[in-house]
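Just so you know, the sequence shown maps onto residues 3 to 99 in my numbering.
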Amino acid sequence: PNALEIAEKLYVNVNIHQEDCRDKAKYLGHLPSSCVESAQALSNKRATFETNNIFPSGTIDHIIKTLMAFEDSDLREKLLKDSELLADLVKKNLNIK
3 PNALEIAEKL YVNVNIHQED CRDKAKYLGH LPSSCVESAQ ALSNKRATFE TNNIFPSGTI
63 DHIIKTLMAF EDSDLREKLL KDSELLADLV KKNLNIK
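Right, dumping it as structure tokens:
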């Protein structure tokens, strides 16, 4: 598929959490749940980004290394068990006014 076909397939103009719109969610992939998982996904698809030197391999290496340094592969499970930790992370990382 070309870029336009992919964009049309992945475009979301509805609330996929509403009952009558949930079919759209079937066509969407899941986002990584941690920085470590993001690094692994980037590593798996790095050739796409390095083709024609869009991003140099050193840049991809640096991003992967930075993401892996978060060591957060189990963060989701920790947050589900510890609401205080979740509240602390929200306070620290979200700027809500």
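All C-beta atoms, glycine included, are put in the ideal place defined by N, C-alpha and C. Source: prediction; values computed, not measured.
Among residues of its own chain, excluding the 5 on either side of Leu88, which ones have a beta-carbon nearer than 7 Å to its beta-carbon? As a working mapping, residue 88 is identified with position 86 in the sequence shown. So the list reads Leu81, once near-sequence residues are dropped.
I'd like to know whether the C-beta atoms of Leu77 and Ala41 end up nearer to each other than 8 Å. Within the sequence shown, the letter at position 75 stands for residue 77. Within the sequence shown, the letter at position 39 stands for residue 41. Taking 8 Å as the Cβ cut-off, Leu77 and Ala41 do not qualify as a contacting pair.
So Ser75 and Ser36 are in contact, right, with Cβ under 8 Å, and what is the actual spacing, rounded? Counting from 1 along the sequence shown, the entry for residue 75 is found at position 73. Counting from 1 along the sequence shown, the entry for residue 36 is found at position 34. Correct: roughly 5 Å between the Cβ atoms.
Cα-Cα separation, Thr53 to Thr61: Your numbering for residue 53 matches position 51 in the sequence shown. Your numbering for residue 61 matches position 59 in the sequence shown. Using only the alpha carbons, I get a separation of about 13 Å.
From Arg24 to Pro34, what does the alpha carbon distance come to, in whole angstroms? The count along the sequence shown starts at 1 and reaches residue 24 at position 22. The count along the sequence shown starts at 1 and reaches residue 34 at position 32. Computed Cα separation, rounded: 20 Å.
Let me know the alpha helix (DSSP H) ranges lying completely inside the segment 31-69, each 4 residues or longer, listed in chain order. Assignment of alpha helix (DSSP H) within the segment 31-69, counting only whole runs of 4 or more residues, yields 37-46, 48-52 in chain order.
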